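Reviewing the structure listed below.
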């Protein structure tokens, strides 16, 4: 966590922190206000504050990052499941074909995405773009 983010997060009040948590749990503004113990007008006012909006964005980004990590782990298990179905001598031929087709389709999409990422990195290098996160 960088110092700007740490300073910003420490400037949120306890009620703003509760509102932030309620938002991240998928609540609308009215329900968020109830959970945080404030009025909807407070939520409206806080949404105009850069530090509050940035805190929401940071937490949202972290949530998506964590979800992506979980999906990547699940993808390995899913690929193993498809492979097991495809290789199972007791699987019906049409099921084996569907599993094989699915594996090939996803493998092709993965290959294309990796190729695009590689090409983008090369273009960024040529353009002198520093894209380190």
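Numbering (this note's numbering), first residue to last: -17 to 115.
A virtual CB, placed ideally from N, CA and C, is assigned to each residue, including glycine.
Every value quoted in this text rests on a predicted model; they were computed, and no experiment measured them.
- Rounded to whole angstroms, how far is the Cβ of residue 145 from the Cβ of residue 68, which I believe are closer than 8 Å? Because the chain is modelled from -17 through 115, residue 145 falls outside the range shown and cannot be assessed.
- Is the beta carbon of residue 37 sitting closer than 7 Å to the one on residue 17? no
- Message: Helix, strand or coil, according to DSSP, for residue -13 in the structure here?
- Response: Low per-residue confidence applies at residue -13: pLDDT is 49, beneath 50, and the placement is therefore not dependable enough to give any value.
- Member of 99, 6, 30 whose CA lies at the smallest distance from the CA of residue 40: 6
- Message: Classify residue 25: buried if its beta carbon has 16 or more other beta carbons within 10 angstroms, exposed otherwise.
- Response: buried
- Message: For residue 34, count the other beta carbons within 10 Å of its own beta carbon; 16 or more makes it buried, fewer makes it exposed. Which is it?
- Response: buried
- Query: If you draw a straight line from the C-alpha of residue 109 to the C-alpha of residue 0, how long is it?
  - Reply: 43 Å
- So, is residue 2 buried or exposed, given that buried needs 16 or more other C-beta atoms within 10 angstroms? buried
- What did DSSP end up calling residue 63 once you bin it into helix, strand or coil? helix
- Cβ pair residue 20, residue -5 closer than 7 Å: no
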